[in-house]
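*Asks:*
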Amino acid sequence: MAMRCQKCEKPATFHITDLLGPEIVVLHLCPDCAKQYLQPESTAPSPTIANVLQGQLKLEQTADELKKLDARQCPTCGISFLEFRQHGRLGCPNDYEVFRRELDVLLMNMHGAVEHKGKHPKRPMRSPAETQQIIRLRRELKEAIEQEDYENASRLRDLIRSHEQESQRGA
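So the number in our numbering is just where the residue sits in the sequence shown, counting from 1, plus 886.
What follows is the structure in structure tokens.
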């Protein structure tokens, strides 16, 4: 099902995220409405230097807020919000809590809800503690490989396999 323009119900091909002060506004617009939104027909007089400077200060403030948001990291998997924005994937289940406010806005716009109402897996899921343990071990494995500590890396690899096999047997 294609996303519809929020203004006129045509197919939305432009997805705009606007940071307006503390609010994040996400718009899904058709080309015509996007053009109108991005280049509004202004009946106001041409901008004064004061208005231009005020607009520039707002942009800098918004850029600072986005910079702070992008630097936030998940303590479990280490992914930053910037990495999520660039790749479109979260690192672990804990990210839903760490970035809850920002993700709720995205989920609401994409799915119309922030709570899952669909199918659930047939096999039991790992406990959150077990999932976090495996994620932590994988991060340590990656660091050990980067530091060329291959003995520790092989120990961590075996430990991860052991945890994964245990959780499959319990399923």
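All C-beta atoms in this analysis are idealised placements derived from N, C-alpha and C, irrespective of residue type, glycine included.
#1: Would you call the CB atoms of residue 1018 and residue 1049 closer than 8 Å?
#2: Quick check on residue 1013: does DSSP put it in helix, strand or coil?
#3: Tell me which residue opens and which closes the alpha helix (DSSP H) that residue 984 is part of.
#4: If you draw a straight line from the alpha carbon of residue 1004 to that of residue 896, how long is it in whole angstroms?
#5: Evaluate residue 872 with the Cβ neighbour count: other Cβ atoms within 10 Å of its Cβ, from every protein chain shown; 16 or more gives buried, anything less gives exposed.
#6: Given a threshold of 16 other Cβ atoms within 10 Å of its Cβ, counted over all protein chains shown, does residue 984 qualify as buried or as exposed?
#7: Look up residue 967 in the DSSP assignment and give the residues it is bridged to.
#8: Nearest-angstrom Cα distance between residue 908 and residue 1002?
#9: Under DSSP, the beta strand (DSSP E) around residue 915 begins and ends at which residues?
#10: Could you give the distance in angstroms between the alpha-carbon of residue 1012 and the alpha-carbon of residue 1047?
*Replies:* So, from the data block:
#1: Result no, Cβ atoms of residue 1018 and residue 1049 do not sit closer than 8 Å.
#2: If DSSP states are grouped into helix, strand and coil, residue 1013 belongs with coil.
#3: For residue 984, the enclosing alpha helix (DSSP H) starts and ends at 981 to 984.
#4: Whole-angstrom Cα-Cα distance: 27 Å.
#5: A question about residue 872 goes unanswered here, because the residues of the chain that appear run from 887 up to 1057.
#6: Here residue 984 is buried: its Cβ has 16 or more other Cβ atoms, across all protein chains shown, within 10 Å.
#7: For residue 967, which the question treats as bridged, DSSP gives no partner whatsoever.
#8: Straight through space, the alpha carbons of residue 1002 and residue 908 are spaced by roughly 26 Å.
#9: 909 to 915 is the extent of the beta strand (DSSP E) around residue 915.
#10: Rounded to the nearest angstrom, the two C-alpha atoms are 14 Å apart.
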